[in-house]
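To start, the structure itself, in structure tokens.
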Amino acid sequence: MTILANKTDLVRAGSGTWQDQMKWAVRDLKGLQEALGLADEGGLQHAAEAEFPVFAPLPYLSRINPCDLGDPLLRQIWPSGNEMESPAHFSSDPLGESDATKSSGMLQKYKGRVLLVTTGACAVHCRYCFRRHFPYEQAPKSMIQWEPTLAEIAADKSIDEVILSGGDPLTLVDHSLARLISRIDDIAHIKRIRFHTRLPIMIPQRVTDALLKILANSRSQMIVVIHANHANELDLSVERSLGQIADSGALLLNQAVLLRKVNDSLESLKDLSERLLSCRVLPYYLHQLDPVRGAAHFEVDVNKGLHLISELRSCLPGYAVPRYVQELRGEPNKTVLA
Ligand code: SF4
């Protein structure tokens, strides 16, 4: 049960369009405290909020237990004073993405695929986000601005997959998304378009008929990689939306991050894999935390991660056990830990 600040908020969590939900999202610490009956922690917590503002949509808040600072969903969005005490090796660009920037808005870390930073907007601000300090203002903002980057992709036949990332690419309105996808579809050597998105989880209303049509009509194979860290994120409305994406023909995968006091237990990881499967999503990656400044309090020791994966293997079928991976700056691929 939740105690969102007032009953109107509770009703609103399941209603409106996805754009309404973006508008109604809680955007500051005070709002979060009021919505969930939580006390102010003072001092450093406000400094953490000033560095990376709160953004949390009502459907996600409605899945959080009130007055419970230990709630695994709350921990992902709750500014903590700990964020202001980062160890030296936690940096603002932990994956060296500034070096991987090929041209405006386009990163290439690995052979054969490029990543487009389509927007800086997200439907939630995850406190552990490795792009929380990313210079989004430098990325293209319109189709005209994307054209030189698309021309570069068209000129490089070694690229066969385009990843739409951000921010969250599903914060783009449908007609912008349709135009971008159609321009990518025009490039004959592109076989796959991959989305990295949390929106179907944060705001299930985002999965509109228009979006499903865009996914179904593309010439390219569509891969939708969602990002859920805990089974509680996947309520019935999320399950419905994910089912619709699966019905559109897109391949659905999940990437999670191993996070202290969120999902660093056998029970939690097992529940997550089982819940994902019931939502027709394959558990794909479990990431070791990227050492981004402000997120050190989420770090789980790699040895503990290895132990958890080995325990998971003993109680789940192989396809339900995610690959435990770590991204290391400059490496030609992700490092598979287990
Ligand atoms: S949704 Fe993704 S990009 Fe946005 S804050 Fe969360 S982890 Fe970062």
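The numbering of the sequence shown is our numbering, which starts it at -8 and goes up by one.
For each residue, glycine too, the CB sits at the ideal point set by N, CA and C.
Three-way DSSP call (helix, strand, coil) for M(-8) in this model
Numbered from its first residue, the sequence shown carries residue -8 at position 1. Here M(-8) scores only 43 on pLDDT, less than 50, and its place in the model is too uncertain to base an answer on.
| query | Can you list, in chain order, the residues of its chain whose CB lies under 8 Å from that of T110, leaving out five sequence neighbours each side? | reply | Indexing the sequence shown from 1 puts residue 110 at position 119. Setting aside the 5 residues that flank it on each side, T110 is surrounded in the same chain by Y127, A130, G157, G158, D159, P160, T162 and L163, each with a C-beta closer than 8 Å to its C-beta; the list follows chain order.
**Report entry** Close-in-space but distant-in-sequence residues of the same chain around A145 (CB under 7 Å, 5 per side omitted)
**Finding:** Within the sequence shown, numbered from 1, the residue matching residue 145 stands at position 154. For A145, where only same-chain residues beyond five positions count, the Cβ hits under 7 Å are I178.
Q) Is T199 close to chain D, meaning its C-beta is less than 8 Å from at least one C-beta of that chain? A) Any reference to chain D falls outside this structure, which holds one protein chain only.
Drop a sphere of 10 angstroms on the beta-carbon of G285, count the other beta-carbons inside from all chains shown, and report buried for 16 or more, exposed for fewer.
Residue 285 sits at position 294 when you count from the first residue of the sequence shown. Residue burial is scored here from C-beta neighbours: G285 has at least 16 other C-beta atoms within 10 angstroms and is therefore classed as buried.
Checklist entry - Taking 7 Å as the cut-off, is the CB of V216 close to at least one heavy atom of the ligand SF4? => result As a working note, residue 216 is residue 225 in the sequence shown. No, the ligand SF4 has no heavy atom inside 7 Å of this Cβ.
Just to confirm my understanding: we take V293, look at its own chain, exclude 5 residues before and 5 after, and list those with CB closer than 7 Å. What are they? The residue labelled residue 293 in the question sits at position 302 within the sequence shown. Once the five neighbours on either side are set aside, the close Cβ partners of V293 are Q279 and L328.
Under 8 Å between the Cβ atoms of P282 and S82?
In the sequence shown, the residue the question calls residue 282 occupies position 291. In the sequence shown, the residue the question calls residue 82 occupies position 91. Here P282 is near S82, since their CB atoms are less than 8 Å apart.
task = Look at S232 and P274 and say whether their C-beta atoms are less than 8 Å apart.
result = Stepping through the sequence shown from its first residue, residue 232 is reached at position 241. Stepping through the sequence shown from its first residue, residue 274 is reached at position 283. P274 is positioned such that its CB atom lies no closer than 8 Å to that of S232.
Q.
Under 7 Å: does the beta carbon of R3 sit that close to some heavy atom of the ligand SF4?
A. Position 12 of the sequence shown, counted from the start, is the residue given in the question as residue 3. No, Cβ of R3 sits at least 7 Å from all heavy atoms of the ligand SF4.
Measure from the alpha carbon of D147 to the alpha carbon of each residue in I135, F125, R197 and K93, then state which is nearest.
-> On the sequence shown, position 156 is the one that residue 147 refers to. Closest option to D147, judged by alpha-carbon separation, among I135, F125, R197 and K93: K93.
Item to complete: State the DSSP-derived secondary structure class of K93, mapped to helix, strand or coil.
Response: The sequence position of residue 93 within the sequence shown is 102, counting from 1. In this structure, K93 counts as strand in the three-state DSSP scheme.
My output table needs one value for P139: the three-state DSSP class, helix, strand or coil.
As a position in the sequence shown, residue 139 is number 148, starting the count at 1. Residue state, collapsed to three classes: helix.
*Output the boundary residues of the alpha helix (DSSP H) element that contains R118.*
The count along the sequence shown starts at 1 and reaches residue 118 at position 127. Where R118 is concerned, there is no enclosing alpha helix (DSSP H), given that its DSSP letter is neither H nor E.
Report buried or exposed for D62, applying the criterion of at least 16 other Cβ atoms within 10 angstroms of its Cβ. Stepping through the sequence shown from its first residue, residue 62 is reached at position 71. Label assigned to D62: buried.
Can you say whether S71 is buried or exposed, counting buried as having 16 or more other CB atoms within 10 angstroms of its CB? The sequence position of residue 71 within the sequence shown is 80, counting from 1. Label assigned to S71: buried.
Nearest-angstrom Cα distance between G5 and E322? Residue mapping note: residue 5 aligns to position 14 of the sequence shown, counting from 1. Residue mapping note: residue 322 aligns to position 331 of the sequence shown, counting from 1. Their backbone Cα atoms lie some 43 Å apart in a straight line.
**Asked** In terms of DSSP beta bridges, what is Q317 paired with?
**Response** Here residue 317 is taken as the residue at index 326 of the sequence shown, counted from 1. Checking the DSSP bridge columns, you'll see Q317 partnered with T326.
Assuming the contact rule is C-beta atoms closer than 8 Å, R104 and I150 should be a hit. Round their C-beta distance to whole Å, please. Residue mapping note: residue 104 aligns to position 113 of the sequence shown, counting from 1. Residue mapping note: residue 150 aligns to position 159 of the sequence shown, counting from 1. Right, their Cβ atoms sit about 7 Å apart.
| message | Quick check on DSSP: helix, strand or coil for E258? | response | What you label residue 258 is simply residue 267 of the sequence shown in a count that begins at 1. In this structure, E258 counts as helix in the three-state DSSP scheme.
Is it the case that the CB of D159 approaches a heavy atom of the ligand SF4 more closely than 7 Å?
If you number the sequence shown from 1, residue 159 lands on position 168. True, at least one ligand heavy atom lies under 7 Å from that Cβ.
What would DSSP say about I214, mapped onto helix, strand or coil?
On the sequence shown, residue 214 is found 223 positions in, with the first residue counted as 1. Here I214 sits in strand by DSSP.
Segment limits, alpha helix (DSSP H) that includes R174
Position 183 of the sequence shown, counted from the start, is the residue given in the question as residue 174. Run containing R174: D165 to D176, per the alpha helix (DSSP H) assignment.
Span of the beta strand (DSSP E), counted from its first residue to its last, around Y275:
The residue given as residue 275 occupies position 284 in the sequence shown. Under the DSSP assignment, Y275 falls in the beta strand (DSSP E) whose first and last residues are L273 to H278.
Distance CB(E76)-CB(E42) smaller than 8 Å: If you number the sequence shown from 1, residue 76 lands on position 85. If you number the sequence shown from 1, residue 42 lands on position 51. Cβ atoms of E76 and E42: not closer than 8 Å.
Is C117 a contact residue of the ligand FAD, with contact defined as CB to any heavy atom under 7 Å?
This structure lacks the ligand FAD; its bound ligands are the ligand SF4.
Taking only three categories from DSSP, how would you classify S77?
Residue mapping note: residue 77 aligns to position 86 of the sequence shown, counting from 1. For S77, the secondary structure class from DSSP, reduced to helix, strand or coil, is coil.
Is any heavy atom in the ligand SF4 found nearer than 7 Å to the beta carbon of K66? In the sequence shown, residue 66 corresponds to position 75, counting from 1. The sequence shown places Arg at residue 66, rather than the Lys named in the question. No, Cβ of R66 sits at least 7 Å from all heavy atoms of the ligand SF4.
Close beta carbons around M(-8), own chain, < 6 Å, minus the five adjacent residues each side | Taking the first residue of the sequence shown as 1, we reach residue -8 at position 1. Residue placement at M(-8) is flagged as unreliable, the pLDDT there being 43, under the threshold of 50; the coordinate-derived value follows with that caveat. If we look at M(-8) and ignore the five residues flanking it on each side, it has no Cβ neighbours.
* Assuming L267 contacts A219 (C-beta within less than 8 Å), just tell me the rounded distance between them. => As a first step, residue 267 is located in the sequence shown; it is residue number 276 there, counting from the start. As a first step, residue 219 is located in the sequence shown; it is residue number 228 there, counting from the start. At roughly 7 Å, the Cβ-Cβ gap stays under 8 Å, so L267 and A219 are in contact.
Notebook entry, point to check: Anyone know if the C-beta pair for A114 and L190 falls short of 8 Å?
Noted result: Counting from one through the sequence shown, the residue named residue 114 turns up at place 123. Counting from one through the sequence shown, the residue named residue 190 turns up at place 199. Closer than 8 Å, so yes.
**Report entry** S95 versus L106, F289 and A311, residue with shortest Cα-Cα distance
**Finding:** For the purposes of this step, residue 95 is taken as residue 104 along the sequence shown, with counting starting at 1. Closest option to S95, Cα to Cα, is L106.
Quiz item: Does DSSP put T162 in a helix, a strand or coil?
Solution: Mapped onto the sequence shown, residue 162 falls at position 171. T162 carries a helical assignment under DSSP once its states are collapsed to helix, strand and coil.
Same chain only: Cβ atoms within 6 Å of Y276, ignoring 5 sequence neighbours per side: Here residue 276 is taken as the residue at index 285 of the sequence shown, counted from 1. So the qualifying residues of the chain are Q246, P313, R314 and V316.
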